[in-house]
Amino acid sequence: MDVKGLKEYLSWLYYQYLLVTCSYVLEPWEQSIFNTVLFTVVTMVVYTAYVFIPIHTRLALEFFSGLFGGQHESTVAFMS
Amino acid sequence: MATTADLVSNGNIHRHNQNIDTFKSDAYVRSGFNSHCNKHNGKANGGLDKRPFKESFDQAPLYVAVLTYVGFGVVTLFGYFRDFLRACGLEKCYLAQEREEQKDFVPLYQDFENFYTRNLYMRVRDNWNRPICSLPGPQFDLVERVSDDYNWTFRNTGKIIKNVINMGSYNYLGFAENNASFLTTVEDTTRQYGVGVCSTRQEMGNLDIHNELEDLVAKFLGVEDSMTFGMGFATNSMNIPALVGKGCLILSDELNHTSLVLGARLSGSTIRVFKHNNLQSLEKLLRDAIVHGQPRTHRPWKKILILVEGIYSMEGSVVRLPEIVALKKKYKAYLYLDEAHSIGAVGQTGRGVTEYFGLDPSDVDVMMGTFTKSFGAAGGYIAGKKELVDFLRTHSHSSVYATSMSPPVAKQILRVLKCIMGQDGTTVGIQRVRQLTENVRYFRQRLQEMGFIIYGNEDSPVVPLLLYMPGKVGAFAREMLKKNIGVVVVGFPATPITESRARFCLSAAHTRGMLDKVLNTLDDLGDCLSLKYSRHKRSIQDRTLRRNSVLNH
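Next comes the structure, spelled out in structure tokens:
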């Protein structure tokens with residue numbers, strides 16, 4: 001494992017993040033506040049996605065399959 | 081039909097000319113403009129279709145614009161937060177504020193207008209106003225300064241950073257030099273005349289050296305007469321009001337310099353702005369002006385003056401002079417050409433954009449330029465017909481009220497002009513012009529190959545390199561200084577908000593070694609800061625090695 005290379009790559013990635021979000025110009029305590037807020041928001045988004053998206057997709061699939069499946073059954077009953 | 085002698089004397093053998101030779105029949109019809117020029121000038125000069133005019137203003141990918149706005153948004157939010165802390169009193173405010181008793185009065189300090197200065201500019205302020213303690217030649221010395229409180233105050237450490245490569249000074253031909261053997265005439269002039277003039281041009285400040293300078297400038301440009309002034313900015317802002325007034329129309333390019341804008345506003349004429357280098361926009365404005373006349377009365381305009389610059393210093397673009405001259409002749413308008421950056425820097429013998437396009441200098445009604453850039457001095461000139469210059473001698477605010485040019489400065493300009501024209505017996509001048517052209521081509525070509533977005537014309541010595549994001553602006557300037565290269569970075573409000581850039585000004589005094597050092601550093605820095613946004617990259621390099629090498633300092 002090239003640990004040193006990985007660490008350098010990660011520090012380069014962090015540098016890019018600082019430049020792109022313009023936290024490079026902020027003072028260290030402001031950077032901490034910004035990182036904390038951003039990290040909290042991202043964590044909450046990930047948590048919400050993890051908890052709720054499977055449930056919502058399952059319910060949506062059931063709803064739509066019930067709609068079309070129920071229609072199919074009624075037309076079959078009509079034909080026969 | 082152009083003969084081979086004419087083709088050779090032109091110097092720019094364009095493919096179009098070679099095609100003419102293959103059509104040996106007389107039935108080949110040449111465009112009216114070219115045959116007219118052949119009749120009057122006697123040689124094949126650059127027509128509208130002969131000079132390859134290559135300008136590029138690439139657009140960055142969309143994510144770059146989005147991220148730029150994100151960056152500005154973050155800084156604005158933190159700006160509001162810090163302002164709140166300052167207003168609460170939780171943080172000390174270093175800027176001027178009113179006293180407690182005056183808080184209910186009309187506000188003295190516009191809080192919102194200074195918001196950007198307080199909250200973004202102050203954070204990266206150490207990249208501007210760096211004190212220089214040597215000649216601004218191709219290399220210079222900087223005073224090292226540090227800040228303990230995030231750029232609100234600076235202190236000098238006492239050390240001097242030596243031999244920083246200068247990529248920001250307008251030293252196009254390298255005449256900002258302090259070699260004693262070149263400056264003997266300037267030294268003699270200082271001994272004879274002193275340094276101060278102590279009077280205005282119309283009173284006691286008209287020295288014989290000024291008359292000599294004006295004759296030489298007129299000869300250099302190929303016009304009848306010229307007049308020089310002590311300050312380049314004042315040349316524009318004080319002479320445009322003398323030329324136009326109420327009842328006249330000024331058509332000014334979108335990106336004109338502040339001196340032109342100030343002169344236009346001071347004159348009291350109506351100002352209409354056309355899109356940058358866009359001739360359809362200019363023609364539309366001209367037609368409207370002639371058809372409708374003045375706003376309420378519909379009387380014809382007394383004068384229509386078109387204000388353009390030779391090279392625009394923020395974009396690096398060159399004015400489309402042949403088309404503008406054609407338009408001006410068609411609609412009978414006057415042309416004012418500000419060659420601040422292009423005199424000495426473009427053209428085969430350094431005579432500016434008129435020579436670059438192969439036009440007759442008498443086509444431009446008012447030729448203006450400055451001596452600050454290519455001549456290594458200070459001041460400006462206005463040249464043209466003798467009636468125009470005689471009028472300015474009596475009516476210009478500069479000649480009546482401003483101190484005339486200092487004698488050593490005038491002598492420096494005389495020496496440089498003689499050098500460029502070859503009158504001092506050497507070929508140093510023309511060599512420098514050629515060296516500048518070569519440096520420009522090499523630098524621009526290498527930067528485009530590396531994949532940076534560069535604005536402007538291929539031949540312009542001003543090279544803006546786009547950085548876009550506000551965080552990268554500060555980082556770029558600081559990293560370049562660590563590598564001993566001094567650059568100028570520009571952001572909002574001098575440029576549009578999404579297009580911050582670093583501006584390189586090339587010089588004939590830069591050696592190939594210096595340019596290579598700068599280019600290699602730019603290559604590494606481009607990978608480290610990921611600045612290579614161009615979609616037309618020609619070579620794919622291995623980036624992992626370079627990115628890590630820059631972080632290790």
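Protein chains in written order, with the numbering used here: chain D, 1 to 80; chain G, 81 to 633.
From the three backbone atoms N, C-alpha and C, an ideal C-beta is built for every residue, glycine too.
Here the structure is a predicted model, which means the values were calculated and not measured.
Met447(G) places its beta carbon less than 8 Å from that of Pro441(G).
Rounded to the nearest whole angstrom, the C-alpha separation of Phe133(G) and Gln31(D) is 47 Å.
Secondary structure remark: continuous beta strand (DSSP E) runs of at least 3 residues inside the segment 340-397 of chain G, in chain order: 350-354 and 384-389.
Chain order gives the chain D residues near Leu609(G) as Tyr15, Gln16 and Leu19, where near means a beta carbon separation below 9 Å. For Val41(D), the closest Cβ of chain G is not nearer than 8 Å. In this structure, the alpha-carbon of Gly531(G) lies about 42 Å from that of Gly310(G). Beta-bridge analysis with DSSP links Ile212(G) to Leu222(G). It is roughly 51 Å from the alpha-carbon of Ile53(D) to the alpha-carbon of Lys355(G).
For Arg592(G), the uninterrupted alpha helix (DSSP H) segment begins and ends at Arg592 to Cys608. Exclusion of the five residues before and after His475(G) leaves Ala322 as the residues of its chain whose Cβ lies within less than 7 Å of its Cβ.
Contact between the segment 429-439 of chain G and the segment 470-485 of chain G is absent: fewer than three C-beta pairs spanning the two stretches fall below 8 Å. The residues Val567, in chain order, have a CB closer than 6 Å to that of Met560(G) in the same chain once the five nearest residues on each side in sequence are set aside. Under the Cβ criterion of 8 Å, Lys172(G) is not counted among the residues facing chain D. Under a 10 Å Cβ-count criterion, Met284(G) is classified as exposed, with fewer than 16 other Cβ atoms of the shown protein chains found around its own Cβ.
For Val25(D), a Cβ of chain G is located within less than 8 Å of the residue's own Cβ. Within chain D, the residues Leu19 and Tyr24 have their CB atoms less than 7 Å from the CB of Ala555(G), given in chain order.
Within its own chain, the residues whose Cβ lies closer than 8 Å to the Cβ of Glu579(G), once the five positions on either side in sequence are excluded, are Leu546 and Tyr548, listed in chain order. Residues are counted here when their Cβ sits less than 8 Å from a Cβ of chain D; for the segment 202-225 of chain G these are Arg203 and Val204, given in chain order. When 8 Å is used as the limit between beta carbons, Phe34(D) is near these residues of chain G: Val154 and Phe158, in chain order. For Phe185(G), no alpha helix (DSSP H) run applies, since DSSP gives it neither H nor E. Taking all protein chains shown into account, Met318(G) has 16 or more neighbouring C-beta atoms within 10 Å of its C-beta and is therefore buried. For Ala167(G), the number of other beta carbons within 10 angstroms of its own is below 16, and it is reported as exposed. CA-to-CA, the gap between Lys466(G) and Thr265(G) works out to about 29 Å. Contact annotation: in the segment 43-62 of chain D, no residue has its CB less than 7 Å from a CB in chain G. Sorting Leu215(G), Ser136(G) and Arg583(G) by C-alpha distance to the C-alpha of Gly456(G) places Leu215(G) at the top.
The beta carbon of Thr601(G) sits closer than 8 Å to the beta carbons of Met560, Lys563 and Ile565 from its chain, once the five residues preceding and following it are set aside; these are given in chain order. Here Leu417(G) is bridged, per DSSP, to Val388(G) and Met447(G). Residue-level contact check: Gly551(G) touches chain D, since one or more beta carbons of chain D fall below 8 Å from its beta carbon. Interface criterion not met: the Cβ of Leu346(G) is under 8 Å from no Cβ in chain D.
From the listed residues Arg473(G), Leu385(G) and Ile245(G), the smallest Cα separation to Gln282(G) is found for Arg473(G). Apart from sequence neighbours up to five positions away, the residues of its chain that approach Asn258(G) with a beta-carbon distance below 6 Å are Leu215, ordered along the chain. Collapsing the DSSP output to three states places Lys562(G) in a helix. What Gly151(G) touches in chain D, judged by beta-carbon distance under 7 Å, is Val20, Thr21 and Cys22, going in chain order. Val388(G) and Lys242(G) have their C-alpha atoms spaced approximately 39 Å apart. Straight through space, the alpha carbons of Pro141(G) and Val37(D) are spaced by roughly 28 Å. DSSP lists Phe220(G) as the beta-bridge partner residues of Val244(G).
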